[in-house]
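2 protein chains.
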Amino acid sequence: MTRATEQAAGARHKTQPLTYGAIEYLRTIDDYHGVPRGTAIFGRQTVYGYPSIGRVLTLEPGLQQHFAHPFWAEEKVNGYNTRILRVGDAVLALTRGGFVCPFTTDRVTDFIDTRVFEDHPDLVICAEVAGPGNPYLESSPPFIGDDVRFYVFDFMRINQRPRLAAEDKYALIEDYGLPAVTRYGRFTAKDTKALLEIFETLNREGREGLVFKEDAADGHAAKHVTAASALSDIAATAATLNDLPPEYFTNRILRLVLYLREQGEHPTRDLERALGAAFLESLDATLAQYEREKKVFHSFRCRFHDRHNAEAMIAHLKMAGGRQINISRRGLEADGADWILTFDRNYPAINGLLSSVLHGDLIYD
Amino acid sequence: MTRATEQAAGARHKTQPLTYGAIEYLRTIDDYHGVPRGTAIFGRQTVYGYPSIGRVLTLEPGLQQHFAHPFWAEEKVNGYNTRILRVGDAVLALTRGGFVCPFTTDRVTDFIDTRVFEDHPDLVICAEVAGPGNPYLESSPPFIGDDVRFYVFDFMRINQRPRLAAEDKYALIEDYGLPAVTRYGRFTAKDTKALLEIFETLNREGREGLVFKEDAADGHAAKHVTAASALSDIAATAATLNDLPPEYFTNRILRLVLYLREQGEHPTRDLERALGAAFLESLDATLAQYEREKKVFHSFRCRFHDRHNAEAMIAHLKMAGGRQINISRRGLEADGADWILTFDRNYPAINGLLSSVLHGDLIYD
Numbered sequence: 001m002t003r004a005t006e007q008a009a010g011a012r013h014k015t016q017p018l019t020y021g022a023i024e025y026l027r028t029i030d031d032y033h034g035v036p037r038g039t040a041i042f043g044r045q046t047v048y049g050y051p052s053i054g055r056v057l058t059l060e061p062g063l064q065q066h067f068a069h070p071f072w073a074e075e076k077v078n079g080y081n082t083r084i085l086r087v088g089d090a091v092l093a094l095t096r097g098g099f100v101c102p103f104t105t106d107r108v109t110d111f112i113d114t115r116v117f118e119d120h121p122d123l124v125i126c127a128e129v130a131g132p133g134n135p136y137l138e139s140s141p142p143f144i145g146d147d148v149r150f151y152v153f154d155f156m157r158i159n160q161r162p163r164l165a166a167e168d169k170y171a172l173i174e175d176y177g178l179p180a181v182t183r184y185g186r187f188t189a190k191d192t193k194a195l196l197e198i199f200e201t202l203n204r205e206g207r208e209g210l211v212f213k214e215d216a217a218d219g220h221a222a223k224h225v226t227a228a229s230a231l232s233d234i235a236a237t238a239a240t241l242n243d244l245p246p247e248y249f250t251n252r253i254l255r256l257v258l259y260l261r262e263q264g265e266h267p268t269r270d271l272e273r274a275l276g277a278a279f280l281e282s283l284d285a286t287l288a289q290y291e292r293e294k295k296v297f298h299s300f301r302c303r304f305h306d307r308h309n310a311e312a313m314i315a316h317l318k319m320a321g322g323r324q325i326n327i328s329r330r331g332l333e334a335d336g337a338d339w340i341l342t343f344d345r346n347y348p349a350i351n352g353l354l355s356s357v358l359h360g361d362l363i364y365d
Numbered sequence: 001m002t003r004a005t006e007q008a009a010g011a012r013h014k015t016q017p018l019t020y021g022a023i024e025y026l027r028t029i030d031d032y033h034g035v036p037r038g039t040a041i042f043g044r045q046t047v048y049g050y051p052s053i054g055r056v057l058t059l060e061p062g063l064q065q066h067f068a069h070p071f072w073a074e075e076k077v078n079g080y081n082t083r084i085l086r087v088g089d090a091v092l093a094l095t096r097g098g099f100v101c102p103f104t105t106d107r108v109t110d111f112i113d114t115r116v117f118e119d120h121p122d123l124v125i126c127a128e129v130a131g132p133g134n135p136y137l138e139s140s141p142p143f144i145g146d147d148v149r150f151y152v153f154d155f156m157r158i159n160q161r162p163r164l165a166a167e168d169k170y171a172l173i174e175d176y177g178l179p180a181v182t183r184y185g186r187f188t189a190k191d192t193k194a195l196l197e198i199f200e201t202l203n204r205e206g207r208e209g210l211v212f213k214e215d216a217a218d219g220h221a222a223k224h225v226t227a228a229s230a231l232s233d234i235a236a237t238a239a240t241l242n243d244l245p246p247e248y249f250t251n252r253i254l255r256l257v258l259y260l261r262e263q264g265e266h267p268t269r270d271l272e273r274a275l276g277a278a279f280l281e282s283l284d285a286t287l288a289q290y291e292r293e294k295k296v297f298h299s300f301r302c303r304f305h306d307r308h309n310a311e312a313m314i315a316h317l318k319m320a321g322g323r324q325i326n327i328s329r330r331g332l333e334a335d336g337a338d339w340i341l342t343f344d345r346n347y348p349a350i351n352g353l354l355s356s357v358l359h360g361d362l363i364y365d
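Those sequence lines, one after another, are chains A and B.
First residue of the first sequence: 1, per our numbering; consecutive thereafter.
First residue of the second sequence: 1, per our numbering; consecutive thereafter.
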């Protein structure tokens, strides 16, 4: 981002000035002149937003259409996206929106050997953070028992938009022993059958899916998910049904049925029951919680090393949520040298709706 | 509607001029100055739009809030709303939107003894038309085996908005032997327990629910539906998932779980499977139809006495659907003295989406 672009963007309120401790930075609020939302600017160091990767709902035509060249298949992990960089002596981790995340920044050195920045000071590590101890998502992959894990899936460079090519990426991961997403191999669009078999294994294990990346710097990319992913997304979020756009649910139902079809399968009674249960058990629990607690909320529990980061995380969540504050801090307690932050996220739409309908209000729909 | 209001509305393009045979009329396209959408004007005879009736999602607080006075409980039938009137020598039946419906008009005398108009020329009969032979809805109540039936549920008068009081309504129904929705009795807001028991019977029989109407002319009204209604709506429409607003589905899931809760029940495995099947079996059939026919459509088969009405019905469906014509006539064949019209309704959203995703297009959602 040139200085001129930055100024133009700022002038149009497209950037937001922020601080993390003594560090001042800007983030871009919207896509602007080809600069993606979530780009973060630390003085002369710009970290571009991680690009959106499109989804194919049917694998075979999707690969045929988008991959004329060989591509790598990597596991898609159900977590949140972070970009990790060094600014002066500090290693910082950004959210998708371009905020420094106090939690991810606090924990990054548990998982990432930051000596990589000594040799590559302009590196940006793109990773997924997942696990039941994360501060953002109500769900986590079945293979993470507690806390969180980091899974590197790409690298970029400061002031550059392209993602590194696979060869460079895998060499860096190996050289620095970085935790990475599982790599399933290098394929071409003719390998649909082998990939569909991998999907069936992922599906049985409740894993999310694969991301395909052309074997070239900043090549084409696409993602595809399992039926299990569609189901677990619904089960994790139906409890707060009205706080997501309703197409969140219908899109996943469609993904599920298209996934089955491409596997040559039809809905089984077990799958039908699982889909119904994903909605009904979640919402039944919501009604019970609302009766008991007079509100619908989800409790989060996150481990920090630094108390300041825990305090900053609460402030970040309250600020990043916009005008309506839906975060209630419950506690911050020492656990050995660490601090355990607990907080609730409240869901305004389902709370408002239940308050209204349990009061007997008329609905015109 | 005064002449001045009519002219003002027309001047603002709030009315649409229409003809049915030699009869000229106007319908109101939007709510305007308290005149509801769907009001139809035949010269000096105005038939006001039937009012929207609000829905309560929980019965007990709903009745407490809205019914200080006794009310009648009547069955809610899963069909389409019509208003029947006499214009000159003709008996006409209007759609909710204020169009003369050629099908309903063609068939009305099979079910409604029109001698009622000889004694009450200014009467407007409000009825639900339901059954597998209807031209509008993909679903019909389980208790109608073929063709259609008419169920009178209210009366209005020409040039007047109020619905008649219960006493007058039931007297007219009895005096002229009119087919009517089932009347479950007169209740007060304290009778929730008895009404919940009626709902359980309706639910077991796959019936839709009840409408409550204060025992007074144009009194308060509210409706409430069964879990079975939510399920059957989903099963009937999930096949064309993207052609309805997605909240159509999430609203019904919420109704279902609130219904159970008020009955003191929790989701059973059978109910979970039924909900999953409502989505997955419908969509699986959709994919099979798309593979076989290269499009998603629903076939309708309707009986007419008058061939002209069948022709007019196709024209009406094409015109009422707006700019995009999604009706394909299949055939019109004599059956004794009657005519059987067959046509397909095509669903543009699901067709467009399937074309795109089966072609492998990238989705950003």
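Cβ coordinates follow ideal geometry from the N, Cα and C atoms, glycine included.
- [ ] Flag this pair as yes or no: are the beta carbons of A/I327 and A/R303 separated by less than 8 Å?
- [x] no
Open item on the list: Give me the DSSP bridge partner(s) of B/P135.
Closed with: For B/P135, which the question treats as bridged, DSSP gives no partner whatsoever.
Open item on the list: What residue range does the beta strand (DSSP E) around B/A40 cover?
Closed with: 40-42
Task: Residue from A/A337, A/G133, A/L358, A/Y80 with nearest C-alpha to A/R301 - done: A/G133
TODO: Spatial neighbours of B/A11 within its chain, please: CB distance less than 8 Å, with the 5 preceding and 5 following residues excluded, ordered by chain position.
DONE: Confidence at B/A11 is low in this model, with a pLDDT of 48, below 50, so the placement of that residue should be treated as unreliable; the coordinate-derived value is given next. Around B/A11: no qualifying Cβ.
TODO: Starting from the beta carbon of B/N251, find every residue of chain A whose beta carbon is closer than 9 Å, and list them in chain order.
DONE: P246, I363, D365
Open item on the list: Please state the DSSP three-state secondary structure of B/R37.
Closed with: coil
Open item on the list: Measuring alpha carbon to alpha carbon, tell me which residue in B/A337, B/F343, B/G321, B/A320 is nearest B/G331.
Closed with: B/F343
- [ ] Return the CA-CA distance between B/G54 and A/A235, expressed in angstroms with no decimal places.
- [x] 30 Å
Open item on the list: Restricting to runs no shorter than 3 residues, where is the beta strand (DSSP E) found entirely within the stretch 58-99 of chain A?
Closed with: 71-76, 80-87, 90-94
TODO: Along the beta strand (DSSP E) that carries A/P17, what are the first and last residues, could you check?
DONE: 15-20
- [ ] Give the interface partners of A/Q263 over in chain B, defined as CB-CB distance under 9 Å, in chain order.
- [x] In chain order: nothing, as chain B lies at least about 12 Å away.
- [ ] Would you tell me roughly how many angstroms separate the C-alpha atoms of B/N242 and A/A127, rounded to the nearest one?
- [x] 34 Å
Open item on the list: Is there a C-beta anywhere in chain B that falls below 8 Å from the one on A/D284?
Closed with: yes
Task: Identified DSSP bridge partners for B/G185 - done: B/A73
TODO: Using a threshold of 8 Å, state whether the C-beta atoms of A/F212 and A/A222 are closer than that.
DONE: yes
Task: DSSP-derived helix/strand/coil call for A/A221 - done: strand
- [ ] Check whether the Cβ atoms of A/V124 and A/R157 lie closer than 8 Å to each other.
- [x] yes
Task: Whole-angstrom distance between A/T182 and A/D110, CA atom to CA atom - done: 19 Å
TODO: Kindly say whether B/F212, judged by its beta-carbon, lies nearer than 8 Å to any beta-carbon of chain A.
DONE: no
Open item on the list: Against chain A, with Cβ distances strictly below 8 Å, would B/V257 count as a contact?
Closed with: yes
Open item on the list: I want to verify the contact list: residues of chain B whose CB lies under 9 Å from the CB of A/S52, in sequence order.
Closed with: Y364
- [ ] Starting from the beta carbon of A/A239, find every residue of chain B whose beta carbon is closer than 7 Å, and list them in chain order.
- [x] Neighbours of A/A239 on chain B: none; closest Cβ ~11 Å, over 7 Å.
TODO: Look up A/M313 in the DSSP assignment and give the residues it is bridged to.
DONE: According to DSSP, A/M313 bridges with nothing at all.
- [ ] Show which residues of chain A have a CB atom less than 7 Å away from the CB atom of B/V296.
- [x] Neighbours of B/V296 on chain A: none; closest Cβ ~12 Å, over 7 Å.
TODO: Would you check if the distance between the CB atom of A/R107 and the CB atom of A/V148 is smaller than 8 Å?
DONE: yes
Open item on the list: Among the candidates A/Y364, A/A230, A/L210, A/E205, whose CA atom is the shortest distance from the CA of A/T192?
Closed with: A/L210
Open item on the list: Counting only C-beta atoms, is A/T192 closer than 8 Å to chain B at any point?
Closed with: no
TODO: Please name the residues in the stretch 45-75 of chain B whose beta-carbon is closer than 8 Å to at least one beta-carbon of chain A, in chain order.
DONE: S52, G54, R55, V56, L57, T58, E60, P61, G62, L63, Q64, Q65, H66
Task: Proximal residues of chain B, C-beta to C-beta of A/G360 below 8 Å - done: V56, T58, E60, P61, G62, L63, Q64, Q65, H66
Open item on the list: Using C-beta distances below 6 Å, list every residue in its chain close to B/D30, excluding the 5 sequence neighbours before and after it, in chain order.
Closed with: K14, R37
Open item on the list: Run through chain B and tell me which residues come within less than 8 Å of A/L287, C-beta to C-beta.
Closed with: V257, L258, R261
TODO: Taking only beta carbons into account, state which residues of the stretch 323-346 of chain B come closer than 7 Å to chain A, listed in chain order.
DONE: none
Task: Interface flag, A/A228 vs chain B, CB-CB below 8 Å - done: no
- [ ] Compare the Cα-Cα distances from A/L178 to each of A/F117, A/E293, A/R261 and report the closest residue.
- [x] A/F117
- [ ] Report the option in B/I173, B/L18, B/G276, B/D146 whose CA atom is closest to the CA atom of B/R115.
- [x] B/I173
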